[in-house]
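Notes follow the structure.
Numbering (the numbering used here), first residue to last: 1 to 292.
Structure (structure tokens):
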């Protein structure tokens, strides 16, 4: 009976907000923004950012998530030269961070399904299928999934993080898709301060819903062989280069701010979407050209 009630509550939250976020150790607002409650079914962090002032969209300040850090000593670990896996889901309930992982599946909505999973027709989306599922992925199938990314700043104080010192270090094309998603880490990332680094999970979906963006807060730490003395170069705004690779910005790049009331740093041709893939100069995998 309890399990059934939990599933019903999670499914209700799932349908109320069809979006996606990264769930893992080190995340802010893991249990919501009320520190007196550890909400096992929260979907607060998955809500997108659209037409907001910068003081609202930056670090999810519109919902107070900049002020709800993970427990002391908890980090998202980034093994230099290796990779790390996070859980992309539309609700905490469908991750291993909730309900002892009893509601997880290979997918971020806790459902079981076979592949290929695609939209029912040209110009349609996953959510147009008879079961109505998949709206949180904002795509017609895996090949059209826009790509997600991680950025890092070596400032432990969120108030000192800027667009210039927050550098995209890892990109995974054709995501979000399944729940478990693996990202590669540059081998030359230097150690973080004792208090940790600031990391952000990033996504701009293409179509199949509101043209919004995502920026999600984490406390992270570079692990493994961390003897590197290299420093990150100041990040520059990416530039549309889908038709001409010579137009791509080389080196350290900023996260993309798009379709906000203020603070946008990228533009795209009419009817096009800037995404974390080649059209904005982001190669798949570790971004190894981000150092001075």
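All C-beta atoms, glycine included, are put in the ideal place defined by N, C-alpha and C.
query                                                                                                                                                                                 : result
Report the residue ranges of all beta strand (DSSP E) runs contained in full by the segment 45-82; include only those spanning at least 3 residues, in chain order.                   : 76-79
Measure the CB-CB distance between residue 88 and residue 176 and report whether it falls below 9 Å.                                                                                  : yes
Enumerate in chain order the residues of its own chain whose CB-to-CB distance from residue 24 is below 7 Å, with the five nearest sequence positions on each side excluded.          : 76, 86 and 87
Do residue 241 and residue 127 count as a contact pair if the criterion is CB distance below 9 Å?                                                                                     : no
Looking at the secondary structure, which residues open and close the beta strand (DSSP E) in which residue 169 lies?                                                                 : 167-172
So the beta strand (DSSP E) residue 152 belongs to, where does it begin and stop?                                                                                                     : 148-153
For a test of the three-state rule: what should DSSP assign to residue 105, helix, strand or coil?                                                                                    : coil
Could you check whether residue 273 and residue 80 sit closer than 9 Å to each other, using their CB atoms as the reference points?                                                   : no
Would you tell me roughly how many angstroms separate the C-alpha atoms of residue 286 and residue 188, rounded to the nearest one?                                                   : 10 Å
Keeping to the same chain, check which residues put their C-beta closer than 6 Å to that of residue 125; ignore five residues upstream and five downstream.                           : 119, 140 and 208
With respect to the beta strand (DSSP E) encompassing residue 218, which residues constitute its N-terminal and C-terminal limits?                                                    : 214-223
Since I believe residue 40 is in contact with residue 106 (beta carbons under 8 Å), could you give me their beta-carbon distance rounded to a whole number of angstroms?              : About 21 Å separates the two Cβ atoms, so there is no contact after all.
Please classify residue 292 as buried or exposed, where buried requires at least 16 neighbouring CB atoms within 10 angstroms.                                                        : exposed
Once DSSP output is grouped into helix, strand and coil, what is the label at residue 112?                                                                                            : coil
How big is the Cα-Cα spacing for residue 73 and residue 27?                                                                                                                           : 12 Å
Between the segment 253-260 and the segment 149-166, can you find at least three pairs of beta-carbon atoms closer than 8 Å?                                                          : yes
Quick one: what does DSSP say residue 100 is sitting in, helix, strand or coil?                                                                                                       : helix
Considering just the uninterrupted stretch of the beta strand (DSSP E) at residue 184, what are its terminal residues?                                                                : 180-184
Can you find the residues in the same chain that come closer than 6 Å, C-beta to C-beta, to residue 129, ignoring five residues on each side of it along the sequence?                : 120
Would you call the segment 179-197 and the segment 217-233 touching, i.e. three or more CB-CB distances under 8 Å?                                                                    : yes
Any idea what DSSP makes of residue 280, helix, strand or coil?                                                                                                                       : helix
Find the nearest neighbour of residue 19 within the set 289, 202 and 252, judged by alpha-carbon distance.                                                                            : 202
Label residue 143 either buried or exposed according to how many other C-beta atoms from any shown protein chain fall within 10 Å of its C-beta, with 16 as the threshold for buried. : exposed
For residue 373, does the count of other Cβ atoms within 10 angstroms reach 16, so buried, or fall short, so exposed?                                                                 : Because the chain spans 1 through 292 in this model, residue 373 falls outside it and cannot be assessed.
I'd like to confirm the pairing. Which residues does DSSP put opposite residue 85 in its beta bridges?                                                                                : 182
Roughly how many angstroms separate the alpha carbons of residue 290 and residue 148, rounded to a whole number?                                                                      : 17 Å
Should residue 51 be labelled buried (16 or more other beta-carbon atoms within 10 Å of its own) or exposed?                                                                          : exposed
Quick check on the burial criterion: 16 or more other C-beta atoms within 10 angstroms. Buried or exposed for residue 270?                                                            : exposed
What residue does the beta strand (DSSP E) around residue 192 start on, and which one ends it?                                                                                        : Per DSSP, residue 192 belongs to no beta strand (DSSP E) and is neither H nor E.
Return helix, strand or coil for residue 285, following the three-state DSSP convention.                                                                                              : strand
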